[in-house]
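In the working numbering, the protein residues as written are 7 to 174.
Structure record follows, encoded as structure tokens.
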């Protein structure tokens, strides 16, 4: 399986097969990340598509100073934040935690955990996603979010505490 950096260099040369492979690796993860930020399936799909278009068009601009995944998630984050700025009804995008199903009604613990993660504040939810779903290290997350690594660690600490409280 070719490495992400190699695929990106091939994409920069216009190789559609390399793009297809990179798309298969990242499109679903980018969608899930956008859904974590936006909490709206249609908007998340739009962000995922726009992100992958940007990857196709900007592959030659990748400098290699970060992992390819960090670069791609950075594009997705910018796309999502641009969409949020354009959206006039931000409350629709960030519904209150009370709209989540009651954990007592949820049978499987998987859904309890997902519900608890969804109830976290956006900054903590984003850190949890990038750490556990995208598999990025704290240093890369700090670069992506343009915050100190200590901020990432403290957000994760408070997210874990809230999750523990909610899942008791």
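All residues carry an ideal CB built from backbone N, CA and C; glycine is no exception.
Exposure of residue i, with buried meaning 16 or more beta-carbon neighbours within 10 Å
i	result
residue 13	buried
residue 17	buried
residue 83	buried
residue 139	exposed
residue 5	Nothing can be reported for residue 5, as the shown portion of the chain is limited to 7 through 174.
residue 59	exposed
residue 120	exposed
Integer-rounded CB distance, given that residue j should sit under 8 angstroms from residue i
i	j	result
residue 173	residue 118	6 angstroms
residue 129	residue 42	Contact flag wrong, Cβ pair sits at about 11 angstroms.
residue 37	residue 78	Contact flag wrong, Cβ pair sits at about 12 angstroms.
residue 53	residue 92	About 12 angstroms; that fails the 8 angstroms criterion.
residue 73	residue 146	6 angstroms
Span of the alpha helix (DSSP H), counted from its first residue to its last, around residue i
i	result
residue 75	74-92
residue 5	Within the shown structure, residues of the chain are numbered from 7 to 174, placing residue 5 beyond reach of any answer.
residue 151	144-151
residue 22	22-44
residue 171	155-172
residue 51	47-64
residue 12	10-18
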